[in-house]
Structures are given as structure tokens and as C-alpha cells.
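Note sheet for the following structure.
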Amino acid sequence: MFSGQRSSMPPTSPAIPTPKTSDRARLLMLVKRKDGISKEEFRKHWTEVHTPMVMRMIGKEKMPLKYQLMHVNEQTNDMLMWMGKETTEWDGVAMFEAHSFKDIFAIFQDERVSIAGEADEERFMDRTKTRLIPLDFISFL
213 MFSGQRSSMP PTSPAIPTPK TSDRARLLML VKRKDGISKE EFRKHWTEVH TPMVMRMIGK
273 EKMPLKYQLM HVNEQTNDML MWMGKETTEW DGVAMFEAHS FKDIFAIFQD ERVSIAGEAD
333 EERFMDRTKT RLIPLDFISF L
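Quick note on this note's numbering: the sequence shown kicks off at 213 and runs consecutively.
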């Protein structure tokens, strides 16, 4: 706090409770398209070829609770850059949600998913740029 400023909470106020962390595991995957692949080809392959193929291989017993693909909104991204804002180098994000990280790791360790999925990824994404971020969610609203 700066000198001369008052706290927004009086010293005798009760502490604001911290929301509980979600009991589900989430893994964020940052994805960059392969050089020479257009953004449209990247989106189409990831959405219409790769994801359905991998989901079939995973099967119901290993299926995550939720799997979401998010593509960068190019129009808004360009507007942010025009405004002088720093944006991302990634072209998309995938979010895996499961009961535990062990459940998510089981997907990546499945031999069929590993072999066929990784071979297909070579067709449309730059796997050297993929980043995985394990997340704990804390919901405030």
C-alpha cells in the first residue's frame, strides 16, 4: 500500500474466503501450425480429421470428461496487434478435463493414440512448439 492510502478493508474485517480449487484436472495444450500450412487447413484438419480420429482411438473407457478446441480469433488478434498489444504465437489451444491427471496421462500413454496421433500431428502442427500446462481451476463467479 502506498503511503497515505487507506486499506479498502478495515483491520478488523473478516478475511475474504478463498474459493475452493476444482476437484477436476485440466491440461491446456498450446498448439502452433506447421510451416506451409494455412490457418484454414490447420483448423480444418485439427477439427475434422485429427480430433475425431483420436477420440475414436481413446474409446469410452479413457474418454476425458471434456475436450475443447479453441482457435485464435484472427480478426481480434489483428486488432490487438494494431493497438500495440502483444499477442500469442500459437494458433490454437486444446483443453482436456478429467477426474485426475492420471486419467489425462492415460490418454497420452495409450500406444495407439501415441503412434497414430503423433504421426497425424506431424501433418498439421509444429510439435516442437507444443506446450502443455497443467491447471488448477479456482472459480470466483
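The beta-carbon is built from N, C-alpha and C at its ideal position, and this holds for glycine as well.
DSSP-derived helix/strand/coil call for residue i
i, result
"residue 292", "helix"
"residue 248", "coil"
"residue 236", "coil"
Integer Cβ distance of residue i from residue j, believed to fall under 8 Å
i, j, result
"residue 338", "residue 235", "Their Cβ separation, rounded to whole angstroms, is 34 Å, which puts residue 338 and residue 235 out of contact at 8 Å."
Test item: CB-CB of residue i and residue j under 9 Å
i, j, result
"residue 347", "residue 268", "no"
"residue 314", "residue 244", "no"
"residue 281", "residue 305", "yes"
"residue 256", "residue 318", "no"
"residue 300", "residue 285", "no"
"residue 322", "residue 270", "yes"
Exposure label - residue i; buried when at least 16 CB within 10 Å
i, result
"residue 258", "buried"
"residue 310", "buried"
"residue 261", "exposed"
"residue 345", "exposed"
> Which runs of the alpha helix (DSSP H), 4 residues or longer, sit entirely within the stretch 257-303?
Replying inline: 263-270 and 286-294
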